[in-house]
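S.K.: Structure provided below as structure tokens; questions to follow.
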């Protein structure tokens, strides 16, 4: 199917690209924790260590945290739909009753995530209705092990554990060595 890239066609076509699901957190100027669900997160560079995320510059969280110059990307595991419900909605108190911890190097650290990337804002580029935020990685923090939460074709999804195959066994790969392999 071909045609003009309308917003509907863009959403449909680009929905075929699976992305990880994150919660980007930071602090507002008054010190209040803020955050939002974000599927547009990527690694940019190893030298220097840079990542990026895209955020609606009209949203209710990113504009409040932008002035502090720091943020944390919390990478979600497959069983964290509760965090998506909190941070992906346009309403509601995202941090009320949530057991989060402050980070010295970024924004609030959320519980049970796969990993955290603590950053300082390096550059912000306006791109249409979003800001492309490039962050310098200050610290990386391993979290829980497990399968990632993915966003694919307009829905949250998870991967299934790959079963060992005859080829794996011929190479001597024991099932224990595949614990972190999902595909």
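Numbering (the numbering used here), first residue to last: 248 to 430. Here a beta-carbon is modelled for each residue, glycine too, at the ideal position from N, C-alpha and C.
(1) Going by beta carbon distance, what residues of the same chain come within less than 6 Å of residue 290, once the five residues before and after it are set aside?
(2) For the alpha helix (DSSP H) holding residue 323, just list the boundary residues, first then last.
(3) Quick one: what's got a C-beta closer than 7 Å to residue 251's C-beta in the same chain, skipping five residues either side?
(4) Between the C-alpha atoms of residue 306 and residue 396, what's the straight-line distance to the nearest angstrom?
(5) Figure out for me which residue from 386, 255, 301, 341 has the closest Cα to the Cα of residue 362.
(6) By the three-class DSSP mapping on this structure, what secondary structure does residue 280 have?
(7) Can you confirm whether the region 306 to 324 touches the region 260 to 269 when touching is taken to mean that 3 or more C-beta pairs between the two stretches lie within less than 8 Å?
M.R.: Taking the coordinates as given:
(1) 298
(2) No alpha helix (DSSP H) contains residue 323, which DSSP labels as neither H nor E.
(3) none
(4) Residue 306 and residue 396: Cα-Cα distance of roughly 23 Å.
(5) 386
(6) Secondary structure of residue 280 (DSSP, three-state): strand.
(7) yes
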